[in-house]
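Asker: To start, I am sharing the structure in question, which I have written as structure tokens.
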């Protein structure tokens, strides 16, 4: 007894969908996640991987079936049957990609918004909300992030910018062929990016010559840096370790060598690095023993 074609198509479609969903949820091709943004981005990757697996298995399966089922038999010398005018099939193969693309676009927008990428950086309402949530200290931090030595009315290009009053601010300069990191609070200038785990970091980025891109795969962050367009990028590292920073935009003949490292340290280790490398280290705290040593003895009567 032959299975009707519609029923067989439905069964095959269900198998493809279930297989794609299982592979998308259980096969992990991404590097270790090391920032608070990574789990949010990974949700999108799993959805895209599932959709891609379904399409790949369906297209390759149909191709293999067609190669076997409609192959030229021995003794057949003529052309195959010319088939045309299948309106339902044309509607299906137009509607399915359109629905998939629309879904992916809407879902990607939602993910990017949840990561903080859709914040209107020059919107006065955002500054007002930030001031209301964090007080005058938060407003000053927001102004510092948005300004970075720039006027508040200057156009800010973009980036992921969660507002945080205690964010560590780092100025990033991209040039052929290096990243330079400057810490305004401690006046440290470094070729590596050192950040503490668990604390928000706000990068104020600029390019000196051509378009560059700041990419840390473990953070799931990649942001273009365009000359003349100040760019903000914020993240919160969560896993101590050393991770590569890669320029992901072709910027010249030595583009492949434009790499450095972001070192995520425990807060105590980061403070030790700052104290060791700062040209103006903060004074060492006075211990009770030291305080007693420098306290003048009482005058005997």
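Residue numbers (the working numbering): 952 to 1252.
The beta-carbon is built from N, C-alpha and C at its ideal position, and this holds for glycine as well.
Kindly indicate which three-state DSSP category residue 1164 falls into: helix, strand or coil?
Answerer: Here residue 1164 sits in strand by DSSP.
Asker: Measure the Cβ-Cβ separation of residue 1199 and residue 1166 and say whether it is below 7 Å.
Answerer: Yes, these two residues count as a Cβ contact at 7 Å.
Asker: In this structure, how does DSSP classify residue 1198 when only helix, strand and coil are distinguished?
Answerer: Strand, per DSSP.
Asker: Closer than 8 Å is the cut-off here; do at least three beta carbon pairs connect the region 1172-1191 with the region 1140-1149?
Answerer: As far as the Cβ criterion goes, the region 1172-1191 touches the region 1140-1149, which means the pair count is three or higher.
Asker: Exposed or buried, residue 1171, counting other C-beta atoms within 10 Å across all chains shown (16 or more means buried)?
Answerer: Residue 1171 should be labelled buried.
Asker: Need the endpoints of the beta strand (DSSP E) that residue 1222 sits in, please.
Answerer: Element bounds for residue 1222: not the beta strand (DSSP E) but the alpha helix (DSSP H), 1218-1228.
Asker: Can you name the residues that DSSP bridges to residue 986?
Answerer: DSSP output for residue 986 lists 1188 as bridge partner(s).
Asker: Just the C-alpha distance for residue 1176 and residue 1212, rounded to the nearest angstrom, thanks.
Answerer: One C-alpha to the other measures close to 18 Å.
Asker: Span of the beta strand (DSSP E) holding residue 1147?
Answerer: Taken as a continuous stretch (DSSP letters only), the beta strand (DSSP E) holding residue 1147 covers 1144-1147.
Asker: Let me make sure I understand the geometry here. Which of 1057, 1066 and 987 has the alpha-carbon closest to that of residue 999?
Answerer: The shortest C-alpha separation from residue 999 is found at 1057.
Asker: Hey, how far is the Cα of residue 1092 from the Cα of residue 976?
Answerer: Here the model assigns residue 1092 a pLDDT of 41, short of 50, so the residue's position is not dependable and the matter cannot be decided.
Asker: How should residue 990 be labelled, buried or exposed, when 16 other C-beta atoms within 10 angstroms of its C-beta is the threshold for buried?
Answerer: Residue 990 comes out exposed.
Asker: Tell me whether the beta-carbon of residue 1208 lies closer than 7 Å to the beta-carbon of residue 1128.
Answerer: Yes.
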